[in-house]
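There are 2 protein chains.
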Amino acid sequence: MKNILFDFISKYVSLTEEEKNAIVSLDIFHSVKKGTILLKEGEKSKASYFVLKGCIRTYYVLDGEEKTTAFYTEMEALTPTCVINKTPSEYYVSCVEDCILLISNTDMEAEINSKFPKFETMCRLFAEELLAKQRIDFDEFKTSSPEQRYLNLLQKRPDLVQRVPQHQLASYLGIKPQSLSRLRARLLEKKS
Amino acid sequence: MKNILFDFISKYVSLTEEEKNAIVSLDIFHSVKKGTILLKEGEKSKASYFVLKGCIRTYYVLDGEEKTTAFYTEMEALTPTCVINKTPSEYYVSCVEDCILLISNTDMEAEINSKFPKFETMCRLFAEELLAKQRIDFDEFKTSSPEQRYLNLLQKRPDLVQRVPQHQLASYLGIKPQSLSRLRARLLEKKS
DNA sequence: ATGAATCGTTCACTTAAGTTAAGAAATGGC
DNA sequence: GCCATTTCTTAACTTAAGTGAACGATTCAT
Chain A
2 MKNILFDFIS KYVSLTEEEK NAIVSLDIFH SVKKGTILLK EGEKSKASYF
52 VLKGCIRTYY VLDGEEKTTA FYTEMEALTP TCVINKTPSE YYVSCVEDCI
102 LLISNTDMEA EINSKFPKFE TMCRLFAEEL LAKQRIDFDE FKTSSPEQRY
152 LNLLQKRPDL VQRVPQHQLA SYLGIKPQSL SRLRARLLEK KS
Chain B
2 MKNILFDFIS KYVSLTEEEK NAIVSLDIFH SVKKGTILLK EGEKSKASYF
52 VLKGCIRTYY VLDGEEKTTA FYTEMEALTP TCVINKTPSE YYVSCVEDCI
102 LLISNTDMEA EINSKFPKFE TMCRLFAEEL LAKQRIDFDE FKTSSPEQRY
152 LNLLQKRPDL VQRVPQHQLA SYLGIKPQSL SRLRARLLEK KS
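Residue numbers (the working numbering), protein chains in the order written: chain A, 2 to 193; chain B, 2 to 193.
In structure tokens form, the structure reads like this:
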């Protein structure tokens, strides 16, 4: 498990044994059951999540309806906006599956950052990379139709379509569950 | 003009006179004419832009059609994804109006970062804040209809609706110019 | 100032998503 | 295993966006 983390980190900076030990000693590995709510609307939090195994999602509850806006799977990280903005959360975070997560908090990060400036560089690079990824995702979303977005998802994250409930996928694609169901039926028609 | 920049920076870190001078000496203030293309599809670039005055936009050309995905106005910064990923750009960046821009490049930033660690902290905080802002924007986009998105834009960036051509606004809202035109007519009907 | 190109609106028509409702299928708890 | 709940699909109908085309209005270049 630890190796997975350090392999990931090594893409950004190289750590000494001392630095690795400092991270391990923080005791941030957690097993979390499917359905667990990690963050609720209205709550304040300092926690960030890194998914080692499993899948978590963020969702809003608008007019009593869940609107799923993001999924995070293996090797993906989520720092909720409420953590960055220091405001109550506008959305929920919960586990789509049983998960092994790395859960850190702002204070721990600040401590590590001051001890190891290298770590701050990593965080900056990581934030910038995420910013670029998210920008591309947003642009693709804006410039394509629901059908194209679904096909795009099948290409890029085929696992998601399998492991996540349809109605959650639907709002992730910006449409209603019925529309996703119909859209899929339409695509099957076309193929044959 | 310099004061505008330093007021902005002071939201993240406090700079000494020495540090301010180091920044000014980089000679990064530029006037750019409306219509100027700052970055073309396929180009590699190391340049980032901070808008002191005016408006710039990013757009793709897909099937010969321009798809505008973002606008940056006063006090907003753009680091194109191609700069972060070190890949050829997938989109264009151009000036919607005459602009006064602060144009920096990766090498300059690296130099300043190593001289003043404080600067790297600022970049990290800034990237994180942008990440949170963009996440919220994306979530709002996903969870709302074109009409809601337009009304939302009227609330949050009323200036954009005035200063930017309709057909650019339309793709920014994820629809066709005709649809935006119709949507606006529909809203006027409703009001009366 | 004038002609050319671009831009915004309107219209008729097509296509697809939203809505409401019903029922089948899958899942979870006991 | 069985019931209750949730999830997925289907269908009929409504609403709004996409498409193609036409026509002023505006902008731009010379």
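Where a beta carbon is used, it is the ideal one built from N, C-alpha and C, also for glycine.
- Item | alpha helix (DSSP H) segment containing V25/A, residue limits | 18-25 is the span of the alpha helix (DSSP H), which, as asked, contains V25/A.
- Message: Pop quiz: G36/A and S95/A are said to be a contact at Cβ under 8 Å. What is the actual Cβ separation, rounded to whole angstroms?
- Response: The pair is a contact, with the Cβ atoms about 7 Å apart (cut-off 8 Å).
- Is it the case that the Cβ atoms of R150/B and L174/B are separated by a distance below 8 Å? Cβ distance < 8 Å, so R150/B and L174/B count as in contact.
- Would A128/B count as contacting chain A if we go by Cβ distances under 8 Å? Yes, because at least one Cβ of chain A sits closer than 8 Å to the Cβ of A128/B.
- State yes or no: is the C-beta of E167/B within less than 8 Å of the C-beta of L181/B? A small correction: the amino acid at residue 167/B is Gln; Glu does not occupy that position in the sequence shown. Result yes, Cβ atoms of Q167/B and L181/B sit closer than 8 Å.
- Item | Contacts that C124/B makes with chain A (C-beta to C-beta distance below 7 Å) | Near C124/B (Cβ distances below 7 Å), the residues of chain A are R125.
- For S49/B, the nearest candidate out of L63/B, R183/B, K87/B, S146/B (CA to CA): It is K87/B.
- Message: Under 8 Å: do the region 136-145 of chain B and the region 42-58 of chain B share three or more Cβ pairs, one atom per stretch?
- Response: Because the criterion of three Cβ pairs below 8 Å is not met, the region 136-145 of chain B and the region 42-58 of chain B do not touch.
- Query: In whole angstroms, what separates the C-alpha of A111/B from that of H31/A?
  - Reply: Spanning the two alpha carbons is a distance of roughly 36 Å.
- Query: I think V97/B touches I57/B, with their Cβ atoms under 8 Å apart; what is that distance to the nearest whole Å?
  - Reply: Rounded, the Cβ-Cβ distance is 6 Å, consistent with contact.
- 7 Å Cβ cut-off: residues of chain B touching F51/A: The contacting residues do not exist; F51/A stays about 15 Å from chain B at best.
- Express the C-alpha separation of A71/B and D160/B in angstroms, rounding to a whole number. Going by the C-alpha atoms only, they are around 14 Å apart.
- Task: Leaving aside the five residues before and after K177/A along the sequence, list all residues of the same chain whose C-beta is less than 7 Å from its C-beta, in chain order.
- Result: Taken in chain order, the residues that qualify are A171.
- Cross-chain neighbours of F137/A in chain B, by beta carbon under 7 Å: For clarity, residue 137/A is Ile in the given sequence; the question names Phe instead. Near I137/A (Cβ distances below 7 Å), the residues of chain B are T82.
- Query: What in chain B is Cβ-close to P118/A, meaning under 7 Å?
  - Reply: Chain-ordered, the chain B residues with CB closer than 7 Å to the CB of P118/A read P118.
- Would you mind reading off the limits of the beta strand (DSSP E) that contains I101/B? Counting along the chain, the beta strand (DSSP E) containing I101/B begins and ends at 100-106.
- Task: Going by DSSP, name the residue or residues bridged to Y93/B.
- Result: Bridge partners of Y93/B: Y60/B.
- Same chain only: Cβ atoms within 7 Å of E19/A, ignoring 5 sequence neighbours per side: Nothing meets the Cβ criterion.
- Query: What is the DSSP secondary structure of I29/B, counted as helix, strand or coil?
  - Reply: Of the three classes helix, strand and coil, the one that applies to I29/B here is coil, per DSSP.
- Report yes if the C-beta of E66/B is less than 7 Å from at least one heavy atom of the ligand ATP; otherwise report no. Absence of the ligand ATP is noted for the structure shown, with no ligands found whatsoever.
- Residues bridged to T74/A (per DSSP): BP columns for T74/A point to C56/A.
- Message: Measuring alpha carbon to alpha carbon, tell me which residue in Q156/B, R136/B, E121/B is nearest S15/B.
- Response: The shortest C-alpha separation from S15/B is found at E121/B.
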